[in-house]
Amino acid sequence: MAAAVNTMDYSQLGSDLERQELEFGASPASPLLYCQLLAVYVLQNDLCNAKFLWKRIPLGIKQNCPELVLIWHVVQKMWLKDYAGTYEALQKEWSDDVKNIMLAVEDSVRARALRLVQLAYSNIHANEFATFVGMNVDKAVQAAADAGWQVDNITGILIPKPLDPPAAPPIMNEQHLSVLTQYVTYMEN
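Every number in our numbering is 10 more than the matching position in the sequence shown, counting from 1.
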């Protein structure tokens, strides 16, 4: 398991932690296992499994592990799509056991927010964009410029770089055309 944390293979780490939780059976697992598994679920943006895990964790462990409660606070903010609150909840002093995972969570949330802005906005004010990506305005404008966005320093308007169009659907070959012809013939009769 330590190897998965060191190599940052979080999907493998998540699978290992789930397996370990199952091996504990009816007895509660360690607080470390719960912290890491909850953090991995947050990283994978798997908020449903994070909620189910929170419900499985015994009350005694929740009360005695403040870091677990801090990670749960991040889940709650993400569930509400409160970007500013999410970044604020992520700005904690994490233990070495979850620090790398939570830094990856912050990067992942920021990348998703950036993509969301690219999809949803034709232009956005720098202050709003800074809130979405959890940076101060100057850093957010610099990040937008680095991503190839147009920046109007006078008005503070950012124009996102258009996303690449989706790949063209594959051209049907003769076998596909034959199946389609049979289907249409069947429907007509």
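Glycine residues also receive a C-beta, built at the ideal position from the N, C-alpha and C atoms. Bear in mind the structure is a predicted one, so any value in this text is a computation, not a measurement.
Q) Helix, strand or coil: how does DSSP classify H186 here? A) helix
Q) Does the beta-carbon of K149 have 16 or more other beta-carbons within 10 angstroms, so that it is buried, or is it exposed? A) Per the 10 Å Cβ criterion, exposed.
Q. Helix or strand or just coil, what does DSSP make of V143?
A. The three-state secondary structure of V143, taken from DSSP, is helix.
**Q.** Whole-number beta carbon distance between P170 and Y196, since they are thought to touch under 8 Å
**A.** That pair is no contact at about 47 Å.
Q) Which value, in whole angstroms, describes the spacing of the CA atoms of T96 and N183? A) 48 Å
Q: Quick one: which unbroken alpha helix (DSSP H) runs of 4-plus residues sit fully inside the segment 32 to 119? Chain order, please.
A: 41 to 53, 57 to 66, 69 to 74, 76 to 89 and 93 to 100
Q) Measuring CA to CA, which of Y93, L80, I71 and V50 is closest to S21? A) Considering only alpha carbons, the answer is V50.
Q: Enumerate in chain order the residues of its own chain whose CB-to-CB distance from Q160 is below 6 Å, with the five nearest sequence positions on each side excluded.
A: Once the five neighbours on either side are set aside, the close Cβ partners of Q160 are I169.
Q | Cutoff 8 Å; reference G158; Cβ partners in own chain excluding five residues on either side | A | K171
Q.
Using C-beta distances below 8 Å, list every residue in its chain close to N146, excluding the 5 sequence neighbours before and after it, in chain order.
A. A140
Q) Which word fits Y93, buried or exposed, when buried means at least 16 other C-beta atoms lie within 10 angstroms of its C-beta? A) buried
Q) Just reading off the beta strand (DSSP E) that D174 is part of, what are its end residues? A) No beta strand (DSSP E) contains D174, which DSSP labels as neither H nor E.
Q. From what residue to what residue does the beta strand (DSSP E) around L162 run?
A. Looking at the sequence shown, residue 162 is not Leu but Asp. Per DSSP, D162 belongs to the beta strand (DSSP E) from Q160 to D162.
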